[in-house]
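There are 2 protein chains.
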Amino acid sequence: MLTVITYDWVPEMPRGFVRDIRPRWAAEEAGLAYRVETVPLRQKTDAHRAMQPFEQVPILKDGDLTIFESGAILWHLGESSEALMPRDPGGRAETMEWLIAGLNSVEPMTMGWILAKVFDRSAEQTEVAARRMRPRLAHLSAVLESRAFLAAGRLTVADLLMADILRTVEAQGGLGGLPVLSEYVARLTARPAFRKAHADQMAHWAAADAREAAA
Amino acid sequence: MLTVITYDWVPEMPRGFVRDIRPRWAAEEAGLAYRVETVPLRQKTDAHRAMQPFEQVPILKDGDLTIFESGAILWHLGESSEALMPRDPGGRAETMEWLIAGLNSVEPMTMGWILAKVFDRSAEQTEVAARRMRPRLAHLSAVLESRAFLAAGRLTVADLLMADILRTVEAQGGLGGLPVLSEYVARLTARPAFRKAHADQMAHWAAADAREAAA
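What follows is the structure, given as C-alpha cells:
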C-alpha cells in the first residue's frame, strides 16, 4: 500500500491547499489505496529532512521508494496507473511537458503573486507580480479554449497539477477575466476524486485539532 | 538527428544563460548530435506558439516528438541516454525528484531574487526575495556537503539543471557564504560538455549579430 506523508498539523489558512492534496487526488482517480503518516510542522526533524531536504510535504512511500516533490510523485503515480497517464511515448511526453509547464512556467508566477498579496500584503508588489502572472495565465487560457484537458486528449496528472495551481489563484480572486480557466478549475475540482481527496485532507486537520485539544 | 529550437537573437544580457544551454549541454554529455533552428524573439509567431504555448525556448524535436519545457526535454534526453540517467527504478525516481526540486523548489526562489535584483532593481524587494531564496540554498548546500551529485550517486540531468540554475545566481553574487554550492557550480561548468554547449550558444548569438549587421 502507498503511504502519503503530510504535516501533523497546519494553521487554518492553508487547509485544503496543502500539497498532499496532489497525491491524494491522483490516488483517488487511480483507485489506489494509501495510508497517511505525518511529520511535525512546528519542530522540523532530521527524519523529515532525510526524506525531504527542503522540509516540505508531501512525501510518498511506495514499496522501497521514498519520493519527494509533488510533481515527481504525480509522475510516479502516472507511471503506475494508466488512469493517470497514457502509455504511448507521445502521450507520455505531452503529459511530462505540461506537468513541468505547471511547475516551472505557471506556478512560480502564481506563487509570486500569492506571496505578494497574501503574505507580504503589498499592493505595489502584488501589481508587479500580477504583470508577470497574467501573460502566463492568458497563454494557458488560449490553450484550454480549444480543448478540455492539457495533454494527450484526456485527463492526466498534468491536469490534476494545473487545476490545483489555478484553484489557489481562483481562491484569491486572480482568475477574473479568464472564464476558460475558472471553468477548467470548476470542472476538474467537481470530480468525485478531488472532492474525496479534499474532504480527507480537511478531516486530517480536524483530527489534528481534536488531538491537540485532548492533549 | 535532434533539433534544438532557440531564439533567432537575444540582447547581450541573457547571452550564455538562455535555456537552450540545457538541451545543448545534455546532448554534449550524451554524445547526441543536434541541429539548431530558430524562432523570432521580437515578433512572436503562431508557429512558435503552436510548439510552445508560453512563447519561450527551448523546444526539442526528436523524430515525431516536439517537446517544450527545458525540464521535460532533459527528462526525455535522460530517457534516451544512460549517460544522463540510470536505468533502475530507484535511480530514475531520484533523478526525477531532484529534477523537479530544481524546477519547483529552487528556481522559483532564485528567479524571484533575480527579477527583483536585475530587472526591478529594487533593494527592498531583493531583500524580501533573498529571505525566501536563502533557506532553499542552505538546504541544498547541506545535501551537497556529503555528495558530489544530487541523484543516484552519479551525474544525471538533475545536476545539469541545478548547476544551470545556480550559476545564474552565482553570476549575480548570490552564492556568497555557500562555498559548497559555488564549488558545485564550478565543478559542473568545468565539464567539457558544458564548455562546448556554452561556446556554441555564444557563437549562435555572434552569428545572429553578424547576420543583422549584414542585413
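Residue numbers (this note's numbering), protein chains in the order written: chain B, 2 to 216; chain X, 2 to 216. A virtual CB, placed ideally from N, CA and C, is assigned to each residue, including glycine.
Do you know offhand how far residue i's Cα is from residue j's?
i                 : j                 : result
GLY103 of chain B : GLY92 of chain B  : 17 Å
LEU1 of chain X   : GLY64 of chain B  : Outside the displayed range of chain X (2 to 216) lies residue 1 of chain X, so it cannot be described from this structure.
VAL11 of chain B  : VAL37 of chain B  : 15 Å
VAL40 of chain B  : ARG168 of chain B : 26 Å
ARG88 of chain X  : ASN105 of chain X : 24 Å
VAL181 of chain X : GLY32 of chain X  : 29 Å
ALA153 of chain B : SER123 of chain X : 42 Å
VAL170 of chain B : GLU184 of chain X : 38 Å
MET163 of chain X : VAL186 of chain X : 9 Å
GLU83 of chain X  : ARG137 of chain X : 29 Å
ALA67 of chain B  : SER147 of chain B : A small correction: the amino acid at residue 67 of chain B is Thr; Ala does not occupy that position in the sequence shown. Near 38 Å, if we compare the C-alpha coordinates of SER147 of chain B and THR67 of chain B.
LEU61 of chain X  : ASP165 of chain B : 27 Å
GLU213 of chain X : ILE6 of chain X   : 19 Å
ALA211 of chain X : GLU13 of chain X  : 14 Å
ALA48 of chain B  : PRO54 of chain B  : 10 Å
ALA149 of chain X : LEU161 of chain X : 13 Å
ALA131 of chain B : ALA215 of chain B : 44 Å
GLN126 of chain X : ARG50 of chain B  : 29 Å
THR4 of chain X   : TYR35 of chain X  : 5 Å
VAL223 of chain X : TRP206 of chain X : Any property of residue 223 of chain X remains undetermined from this structure, which presents chain X solely from 2 to 216.
LEU176 of chain B : LEU145 of chain B : 14 Å
GLU70 of chain X  : GLU70 of chain B  : 18 Å
ALA73 of chain B  : GLU128 of chain X : 30 Å
MET52 of chain B  : ALA139 of chain X : 16 Å
ARG135 of chain X : ARG196 of chain X : 28 Å
ALA94 of chain X  : ARG188 of chain B : 31 Å
PRO90 of chain B  : GLU98 of chain X  : 21 Å
ARG192 of chain B : ARG192 of chain X : 48 Å
ALA121 of chain X : ASP121 of chain B : As written in the sequence, residue 121 of chain X is Asp, which differs from the Ala given in the question. Approximately 17 Å, taken between the alpha carbons.
Going by DSSP in three states, residue i sits in which element: helix, strand or coil?
i                 : result
ASP63 of chain B  : strand
GLU83 of chain X  : coil
PHE18 of chain X  : coil
ARG23 of chain X  : helix
LEU179 of chain X : coil
ARG36 of chain B  : strand
LEU3 of chain B   : strand
PHE120 of chain B : helix
PHE195 of chain X : helix
Go through its chain and collect everything with a Cβ distance to residue i's Cβ below 8 Å, but skip five positions before and after it.
i                 : result
LYS45 of chain B  : GLU56
ARG158 of chain X : The amino acid occupying residue 158 of chain X in the given sequence is Val; Arg does not appear at that position. Cβ neighbours of VAL158 of chain X beyond the five flanking positions: ALA27, LEU75, TRP76, LEU78, GLY79, LEU85, MET86, THR96 and LEU100.
MET2 of chain X   : ALA34, TYR35 and ARG36
MET81 of chain X  : Residue identity differs from the one stated: residue 81 of chain X is Ser in this sequence, not Met. ALA31, LEU33 and ASP63.
Tell me which residues share the same chain as residue i and place their Cβ nearer than 7 Å to its Cβ, disregarding the 5 neighbours each side in the sequence.
i                 : result
ALA198 of chain B : ILE22, ARG25, TRP26 and GLU29
ALA209 of chain X : ASP9 and TRP10
LEU141 of chain X : VAL107 and LEU182
THR190 of chain X : ALA164 and ARG168
GLN173 of chain X : ILE115, LYS118 and VAL119
ALA194 of chain X : TRP26, GLU29 and GLU30
With a threshold of 7 Å (Cβ to nearest heavy atom), would residue i be considered close to the ligand MG?
i                 : result
VAL144 of chain B : As presented, the structure is devoid of all ligands, the ligand MG included, so that no description of it is given.
Quick one: what's got a C-beta closer than 6 Å to residue i's C-beta in the same chain, skipping five residues either side?
i                 : result
ARG133 of chain X : MET110
LEU156 of chain X : PHE150
ALA143 of chain B : none
GLY178 of chain B : none
Next item on the list: Report yes or no: do the region 102-119 of chain B and the region 103-116 of chain X share at least 3 C-beta pairs separated by less than 8 Å?
Entry: yes
Next item on the list: Spell out a yes or no on whether the region 200-207 of chain X and the region 12-22 of chain X are touching, meaning 3 or more CB-CB pairs, one atom from each, closer than 8 Å.
Entry: yes
Notebook entry, point to check: the region 16-49 of chain B: which residues have C-beta closer than 8 Å to a C-beta of chain X, in chain order?
Noted result: none
Item checked: Contact set between the region 73-89 of chain X and chain B, restricted to residues whose Cβ is under 7 Å from the partner -> ALA73, TRP76 and HIS77
Check: If contact means a Cβ-Cβ distance below 8 Å, which residues of the region 137-151 of chain B contact chain X?
Finding: ARG137, HIS140, LEU141, ALA143 and VAL144
Check: Given a limit of 8 Å on CB to CB distance, which residues of the region 106-128 of chain X reach chain B?
Finding: SER106, GLU108, PRO109, MET112, GLY113, LEU116, ASP121 and GLN126
Next item on the list: Closer than 7 Å, Cβ to Cβ, to anything on chain B: give me those residues from the region 154-169 of chain X, in chain order.
Entry: none
Check: When Cβ atoms are compared, which residues of the region 181-210 of chain X fall closer than 8 Å to chain B?
Finding: none
Notebook entry, point to check: Taking any Cβ of chain X, which residues in the region 93-105 of chain B have a Cβ under 7 Å from it, in chain order?
Noted result: ALA94, MET97, GLU98, ILE101, ALA102, LEU104 and ASN105
Item checked: Proximal residues, the region 54-70 of chain B versus chain X, C-beta separation under 8 Å -> PRO54, PHE55, GLU56, GLN57, ASP65, LEU66, ILE68, PHE69 and GLU70
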